[in-house]
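S.K.: Note that the working numbering has the sequence shown beginning at 1, numbered continuously upward.
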Amino acid sequence: MKLVLMGTGTFAEPAFAQLMASQHSVVCLITQPDKGQGKARGSTRQTGEGMEALATRHGIPIWRPDSINTAESIEHLRSFEADLLVVAAYGQILKPGVLAAAKLGGINLHASLLPRHRGAAPVAWAIASGDLETGVSVIRMTPALDAGAVIAMERTPIGPDETAGTLETRLSRVAATMAVTSVNQLTTGLLEGIHQDPSLVTRAPKLTKAMGDLDWSKDAEFLARWVRAMQPWPTAYTTLHRQGQPPLRLVVAAHALSGGEGRSGAIDAPPANMSFIPVQCGTGILALDTVQPAGKAAMAASAFLRGRPWSAGDAMAQGG
């Protein structure tokens, strides 16, 4: 089968590598133009360099259109005479003309259990929402975002300490096996798919830098999940206000503690030998395990405390 691969994130790389090494013929790799590289806009890490190097080694042409939906782009896409588009974290919604450019249309590899978490950042939102499991869905593509019939699905539990980055890496390996299996089955004309239930749809919008600013009025358990969901991009951060000192921005890693009463963002003066920094939340306490002051390397909270004696009234700025 002649395939066109469309993707930008490292989530796509294992699947595309498997397809390039399969019996199928990959006739083009379509990725985002260079101006979009290096800045995540939903997927936890967004770089096409590994994928592009692999395509080059296989002698596969690489195409980086600013928009895949223009008449010129669609005409060029048709010239490949592809049987199927295989899409993973491409970053552009495909209009009907694009999907019609391949004989069998397209399939999409999506890192969630659809219809839950449709959108650009399904891995982060699964963690932030407190989901106990997630997975990968393979769907037939339609013009509507992540709305096509599900032709394959694999489930996996979410570990209590997994970040969006580590979970996405694990899901990418699941997607790789599913991609080859799904394409093989489509070759035989199988896989009708199961339509998604609209009443079960939830959204996973793209991440922004501002989302990393911690809102201390929230529950500590939620904030602990949010910190993991924001890793590795945009990262979770807060601003420390200390008596007689300029505000200090900190990138943090943390876990939740029960109990605690007081003003959100307040910090009980911890002893110098404490291994974490306890910050009062709307409910419970968030224990900061590691901190990274702006412009410096990450360090254990205990090391940070030893170098900065605490004062009454020190607090974190209210973000969110």
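Cβ coordinates follow ideal geometry from the N, Cα and C atoms, glycine included.
(1) Which residues does DSSP pair with K2 in a beta bridge?
(2) Tell me the rounded alpha-carbon separation between R116 and Q245.
(3) Under 8 Å: do the segment 292-306 and the segment 224-231 share three or more Cβ pairs, one atom per stretch?
(4) Quick one: is R173 buried, meaning 16 or more other Cβ sit within 10 Å of its Cβ, or exposed?
(5) Using C-beta distances below 6 Å, list every residue in its chain close to G119, excluding the 5 sequence neighbours before and after it, in chain order.
(6) Nearest to M6 by alpha carbon, out of H58, E72, L94?
(7) Could you give the distance in angstroms between the alpha-carbon of S137 and the alpha-carbon of V26?
(8) In this structure, does DSSP put P157 in helix, strand or coil?
(9) Could you tell me which residues DSSP puts in a beta bridge with I277?
(10) Can you tell me which of S264, L257, T188, G282 puts its alpha carbon nearest to the alpha carbon of F355?
(11) Measure the C-alpha to C-alpha separation of G313 and R263 and round it to an integer number of angstroms.
(12) I194: which of A147, D289, E72 sits nearest, CA to CA?
(13) Which of helix, strand or coil does DSSP assign to S302?
M.R.: According to the structure shown:
(1) Under DSSP, K2 forms a beta bridge with S25.
(2) If I take the Cα positions, the gap works out to 45 Å.
(3) With a cut-off of 8 Å, the segment 224-231 and the segment 292-306 do not count as touching, because too few Cβ pairs lie within range.
(4) R173 comes out exposed.
(5) Excluding residues within five positions, the ones whose Cβ falls inside 6 Å are R203, A204, P205.
(6) Comparing Cα-Cα distances from M6 to each of H58, E72, L94, the minimum goes to L94.
(7) Approximately 22 Å, taken between the alpha carbons.
(8) In this structure, P157 counts as strand in the three-state DSSP scheme.
(9) The secondary-structure analysis by DSSP pairs I277 across a beta bridge with L288.
(10) Residue coverage of the chain in this structure runs from 1 to 320, which leaves residue 355 outside it and unanswerable.
(11) So the alpha carbons of these two residues sit roughly 11 Å apart.
(12) Just measuring C-alpha positions, the residue of A147, D289, E72 sitting nearest I194 is A147.
(13) Three-state DSSP puts S302 in a helix.
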